[in-house]
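*Asks:*
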Amino acid sequence: MNSFFTGLLFLTRIPVHYNADWTPKACGDSVKYFTLIGAVLGAVNVAAAYFFIVLLPLLHIYIPGYLGAFFLLLISIILTGALHCDGYTDTMDGLLSGRDKNRMLIIMKDSHVGAHGVTALFLLLLGKYSALLCLYPLSLQNTNALYLLYSALFLMPALGRLAMVIGITMFPYARKEGLGKAFSAHSSKKSLLTASFIFIIVLIINYHNLYQSLWALLLTIIFSVAFCRHVTSKIGGLTGDVYGAVTELVELLVLITFAII
C-alpha cells in the first residue's frame, strides 16, 4: 500500500492521512499505480458531475452548462493542486523558446513564467472548458449525453496518468538530477505493463461508450509516444515538467475525442 499512497500523495491533493515512504525506490514503485490513481481522480470527477447535474436539481437548484463546465474544470485542477499545469507551462516555455538544448533546460527549470507558457496554458484551459461545455448534457432526460460526460471525466485522468507512465518508462531522463529522476530511475517496463493492466480493468468498469473510449486509448498511445519522442529529440530526454505536460495534453485530447466522436 505504501507504493500506492506515495503516488497518491504526490500526484494529488486528496487529503489522505498516511505516513508515506518518500525514498527514491518508493517513488519508482508507485509508477505502476498511476493509472489507478487517475481512476480515483476520475471517480471524484464523476461524483462532482452527478452532484451538479442530478442531485442539485432535486433541490430545485439548476447549474447552467457554462457554470457546470467551469466547476468541473476547477475541481479537476484543485484535485491535483495544478501540479501538472505547472509542469506543462514550464515545458512550453522551454520548447517554444526556439533555443538550444541547454538553454531550453534552463528555461524549463526557471520558476518565472514567460509569454509562451502563459499563452499555452490559456489555450489548454480554454480547450478543456470548451470540450466540457460540448459534453455537458442540456437535459437530464438525455441519458446518452450524461453517460458520455461521465465516461470522459472518468477516463480523462486515467489516460493522462497512463501517458505519464509511458513517458517515464520508455524514454530517458534528460537531467542528471531532478524531481522526476526517482520515478524514472526506479521504474521499468514492468511498471508500464502493470499500469496498462490496471487501465484495462478501468476500461471494463467504464463499459458505457466503449467505442469512444477505445478511440481515446488509441490516440493517447499515439500522441504520447510522438510527443515524448519529439521532446527527447529536442532536449535529450524527458523531465518531471514534461511528465506533467504530456498528462495535461492527453487529458485535453481525451475530452476532445469524446466531444467529437
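Be aware that the sequence shown starts at 3, since it is given in this note's numbering, and climbs by one per residue. Heads up, the beta-carbon is just placed ideally off N, CA and C, and yes, glycines get one too. Computed from a predicted structure; not experimentally measured.
1) Would Asp102 be called buried (16 or more neighbouring beta carbons within 10 Å of its own) or exposed?
2) Please report the Cβ distance between Ile224 and Leu194, rounded to the nearest whole angstrom; I am assuming they are in contact, meaning their Cβ atoms lie under 8 Å.
3) Does DSSP classify Leu195 as helix, strand or coil?
4) Taking the alpha helix (DSSP H) that Tyr35 belongs to, which residues open and close that run?
5) Please name the residue in Ser198, Leu137, Ala187, Ile202 whose C-alpha comes closest to that of Thr259.
6) Once the 5 residues before and after Gly96 are set aside, which same chain residues still bring their CB inside 6 Å of it?
7) Using a Cβ-Cβ cutoff of less than 7 Å, which residues in the same chain neighbour Ile39 once the five nearest sequence positions on both sides are dropped?
8) To the nearest angstrom, how far is it from the Cα of Ser235 to the Cα of Gly119?
9) Quick one: what does DSSP say Leu61 is sitting in, helix, strand or coil?
10) Under 8 Å by Cβ, that's how I've got Leu135 and Gly67 pegged, so tell me the actual separation to the nearest angstrom.
11) Taking the straight line between their C-alpha atoms, what separation do you get for Lys27 and Ala218?
12) Skipping 5 residues on each side, what residues in its chain have a beta carbon closer than 7 Å to that of Thr196?
13) Got a sec: is the Cβ-Cβ distance from Phe225 to anything in chain D below 8 Å?
14) Buried or exposed, going by whether 16 or more other CB atoms sit within 10 Å of the CB of Lys130?
15) Just curious, the alpha helix (DSSP H) that Val167 is in, first and last residue?
16) Need the endpoints of the alpha helix (DSSP H) that Phe7 sits in, please.
17) Along the chain, where does the alpha helix (DSSP H) containing Asp243 start, and where does it finish?
18) According to DSSP, simplified to helix, strand and coil, what is Tyr175?
19) Report yes or no: do three or more beta-carbon pairs, one from the stretch 57-73 and one from the stretch 227-241, lie closer than 8 Å?
20) Looking at the structure shown, is Ala1 part of a helix, part of a strand, or coil, going by DSSP?
21) In the DSSP assignment, find the unbroken alpha helix (DSSP H) run with Ile224 in it and report its ends.
22) Between Ala160 and Ala41, how many whole angstroms is the CB-CB distance? I'm expecting something under 8 Å.
23) Apart from the five residues just before and just after Leu98, which ones in its own chain have a Cβ nearer than 6 Å to its Cβ?
24) Identify the continuous alpha helix (DSSP H) that holds Phe264 and give its terminal residues.
25) In chain order, what residues of the same chain have a beta carbon less than 6 Å from the beta carbon of Ser186, not counting five sequence neighbours either side?
26) Mark Asn211 as exposed unless 16 or more other C-beta atoms lie within 10 angstroms of its C-beta, in which case mark it buried.
*Replies:* By the coordinates alone:
1) Counting the other Cβ atoms within 10 Å of the Cβ of Asp102 gives fewer than 16, which makes it exposed.
2) Not a contact, Cβ separation roughly 16 Å.
3) Reduced to three states, the DSSP call for Leu195 is helix.
4) Element bounds for Tyr35: n/a, residue is neither H nor E.
5) Leu137
6) Met106, Ile109, Met110
7) Gly9, Leu10, Leu13, Thr14, Arg163
8) 20 Å
9) coil
10) 6 Å
11) 31 Å
12) Lys34
13) This model lacks chain D altogether; it includes just one protein chain.
14) buried
15) 145-172
16) Unbroken alpha helix (DSSP H) run through Phe7: 4-13.
17) 242-262
18) The answer is strand: DSSP assigns Tyr175 an E or B state.
19) Using a C-beta cut-off of 8 Å, the stretch 57-73 makes no contact with the stretch 227-241, since fewer than three inter-stretch Cβ pairs fall below that distance.
20) For the chain, the structure presents residues 3 to 263; residue 1 sits outside this window and is missing.
21) DSSP places Ile224 inside the alpha helix (DSSP H), whose first and last residues are 212-237.
22) 5 Å
23) His118
24) Given a span of 3 to 263 for the chain in the structure shown, any question on residue 264 remains unanswerable.
25) Excluding positions up to five away in sequence, the list reads Ile170, Tyr175.
26) When all chains shown are included, Asn211 counts as buried.
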